[in-house]
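Data first, discussion second: the structure below is written as structure tokens.
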Amino acid sequence: MFCNQCEQTAKGTGCNISGVCGKKPEVSALMDNLIFGLKGLSVYMAILKEQAGISDDAINRYTLEALFSTVTNVNFDPERLVEILKNCRTMINAAKKLCESSGVKVPANEYTSWDPGTGTDAMIEQGNAHGLSTWSSDPDILSAIEILLFGIKGVAAYTDHAYLLGKKDDEIFVFIHKALAAMTDRSLSLNDYVELILECGKINIRAMEILNNGHKEHFGTPVPTSVSLGTKAGKAILVSGHDLLDLECLLKQTEEKGINIYTHGEMLPAHAYPGLRKYSHLAGNYGSAWQNQQKEFPEFPGAILMTTNCIQKPQESYLENIFTTGLVAWPGVKHVTRDDFSAVINRALELPGFTEQPGRNITVGFGHDAVLGVAERVIAAVKDGDIKHFFLVGGCDGAKPGRNYFTEFAEKVPKDCLILTLACGKYRFNKLDFGDIGGIPRLLDVGQCNDAFSAVQIAHALANAFKCGVNDLPLSFVLSWYEQKAVAILLSLLFLGIKNIRLGPTLPAFVSPNVLEFLANNFNIMPITTPDEDLKTILG
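Per the working numbering, the sequence shown starts with residue 7, numbered consecutively.
In structure tokens, the structure reads:
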């Protein structure tokens, strides 16, 4: 195996024995085989769209789920991946029939004639033959293809969330198929891939936008909300991951059952949505970021539900208490569907639950609607010199050493500056007391990683107010990254022309020296150094 798609990849280059995330070689091979098959499927769909203007909802939906299944910390179950591979062949046959019935000719090649093989062993063997080294012999082309692929995986994740809320845009599917098909074309140049990479950033903005619209229409507009970090007496269920729809379904199914629901990780922003916080048994937030679950879950006296990505290998101490739903899978862990969480509920009723333990509160819900609602106060504070600078400090968290940088950086930000934060990277400092500036909290929690859309809206609103470009604002981006959704967000920022981004704790292993030089020359993207040095450089 060889996998380098996350920040914690072994030795900073790639996992080639077993994944740091827990991914086994056979799982990695099945995923490589799946990506190969998806490229073939997309060749059909890209030509079909171009020549006949035809799209197919079932194939598009399948493509999202298949890509999302290969994102870090989502699916570790070989059996589930085998079924997805079988479905890929089914989808290719369906795409082929659509082409034939429409008079569209698709050239036969190793991608369009792909078959996953019969049996798990054959699929694994084939996947080993389709690994990274087969994509290109040019390190820069290979780097560009990886950046594009990982960005597409992030786009697929956000689009999948939006799709579940009834939101979709054919433009996104068209691009995903076009980009995957482009990876089969060995005549494309590095510049061609750079154009696709920036277009991926553009498409990801649209994906985050429709997801934002879906969340607001379904759950209401987020408002600043105080969230308890303490516990209530009673039975308990902990929900981790990102899927707010899963949380809503669980809240509905647990009404009047005497069970309190707690959020974990990226579910924290759920408390700000009126449609979710209306449930009185949405009790508070427990624990911190995803990478601490093996320390925090053994202490949780109830059932645990994992949605979307973020799962780690469950320990024996809570193996009977943890459940997966949606695309998440771990071998031996019970899988449930959102229309029937009875197994989770019954397990929670069997376990002791919490005693009353008061805790402090933190505030979430500073999306762009909330911040722009006090925009005049913010602008006045800037003009009066009360607010000197804005920092966006956030992104993915992780366990690799070096991430304490973000805690120290936030602590050292001068008291006349505001900090915007989002995603699980905020757990490095979101329980600290930063105070306020004229009644405006110095720490503004914008939300989940997909709420980077809100952060961009805030930045553009400030730029319009001061009649300047975003890069001319007293605004600095200091971002942590871990997996492929963070890659998609970074590409969106690059598409918008945002410069001087500081990225850490390390730069992606899949960025070649020449591609890194291109990013540095064109966008001045740079690695973090030390909090003191970076603050000195930013603030002068």
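Glycine included, every Cβ here is placed at the ideal spot set by N, Cα and C.
The structure displayed is predicted, hence computed values, not measured ones.
For the beta strand (DSSP E) containing Asn327, list its first residue and its last residue. No beta strand (DSSP E) holds Asn327; DSSP gives it neither H nor E.
Just verifying my parser: in three-state terms, what is the DSSP assignment at Gln318? coil
Buried or exposed by the 16-neighbour rule on C-beta atoms within 10 Å, applied to Cys316: Flag for Cys316 reads buried.
What do you get for Lys159, buried or exposed, if any count of 16 or more other CB atoms within 10 angstroms of its CB means buried? buried
In this structure, does DSSP put Asn197 in helix, strand or coil? helix
Nearest-angstrom Cα separation, counted from Phe8 out to Leu513: 18 Å
Cα-Cα separation, Pro113 to Tyr50: 9 Å
Which partner residues does Tyr268 have in the DSSP bridge list? Leu244, Gly290
Arg86 versus Ala135: straight-line alpha-carbon distance, rounded: So the alpha carbons of these two residues sit roughly 21 Å apart.
To the nearest angstrom, how far is it from the Cα of Lys421 to the Cα of Phe396? Distance between the alpha carbons of Lys421 and Phe396 is about 11 Å.
Among Ile385, Leu525, Gln454, which has the Cα closest to the Cα of Ala469? Ile385
Is the beta carbon of Ser149 closer than 7 Å to that of Val517? yes
So, for Met37: in the same chain, excluding its five sequence neighbours on each side, which residues have a beta-carbon less than 6 Å away from its beta-carbon? Thr76
For Arg366, tell me which candidate among Thr343, Ile464, Val233 has the shortest Cα-Cα distance. Val233 is the residue among Thr343, Ile464, Val233 whose C-alpha sits nearest the C-alpha of Arg366.
Here's the rule: buried if 16 or more other CB atoms are within 10 angstroms of the residue's CB, otherwise exposed. What is Cys206? buried
Same chain only: Cβ atoms within 7 Å of Lys340, ignoring 5 sequence neighbours per side: Phe329, Ala349
Among residues of its own chain, excluding the 5 on either side of Lys394, which ones have a beta-carbon nearer than 6 Å to its beta-carbon? Hits under 6 Å: Asp422, Cys423.
Runs of 4 residues minimum, wholly inside the stretch 450–530: which ones carry the alpha helix (DSSP H) assignment? Counting only runs of at least 4 residues, the stretch 450–530 fully encloses the following alpha helix (DSSP H) elements, listed from N- to C-terminal order: 458–471, 490–501, 519–529.
When you compare the stretch 367–378 with the stretch 396–408, are there three or more beta-carbon pairs, one atom per stretch, that lie closer than 8 Å? Contact between the stretch 367–378 and the stretch 396–408 is absent: fewer than three C-beta pairs spanning the two stretches fall below 8 Å.
Out of Leu449, Tyr433, Arg434, Lys432, which has the shortest C-alpha to C-alpha gap to Phe440? Leu449
Roughly how many whole angstroms lie between the Cα atoms of Val521 and Glu131? 32 Å
Please work out which residues of its chain come closer than 8 Å, Cβ to Cβ, to Ile23, disregarding the five sequence neighbours upstream and downstream, and give them in chain order. Met7, Ala16, Pro31
Report the CB separation of Gly271 from Ala242 in whole angstroms; it is logged as a contact under 8 Å. Actually they are not in contact, since the Cβ atoms of Gly271 and Ala242 sit about 16 Å apart, beyond 8 Å.
By alpha-carbon positions, which one of Leu170, Asn10, Val200, Thr96 ends up nearest to Leu497? Val200
In chain order, each alpha helix (DSSP H) run of at least 4 residues that lies wholly inside the stretch 329–360: 348–356
Applying the 10 Å Cβ sphere with the 16-neighbour rule, what's the burial state of Asp442? exposed
Smallest Cα separation from Tyr279: which of Leu253, Glu13, Gly293, Gly18? Leu253
Which ranges would you report for the alpha helix (DSSP H) in the stretch 173–240 if only whole runs of at least 4 residues count? 176–188, 196–225
Cα-Cα separation between Met214 and Gly20, rounded to whole angstroms: Spanning the two alpha carbons is a distance of roughly 29 Å.
Helix, strand or coil for Phe415, going by three-state DSSP, please let me know. helix
Tell me which same chain residues have a C-beta within less than 6 Å of the C-beta of Gly236, skipping the five on either side of it? Gln363, Pro364, Gly365
What is the DSSP secondary structure of Cys94, counted as helix, strand or coil? helix
Which residue marks the beginning of the alpha helix (DSSP H) containing Gly43, and which one marks its end? 31–58
With Cys423 as the anchor, note down where its beta strand (DSSP E) starts and where it stops. 423–428
Ends of the alpha helix (DSSP H) at Thr165? 145–170
Using 8 Å as the threshold, is the stretch 85–102 in touch with the stretch 209–227, meaning 3 or more CB pairs across them? Counting Cβ pairs under 8 Å, fewer than three are found: no touch.
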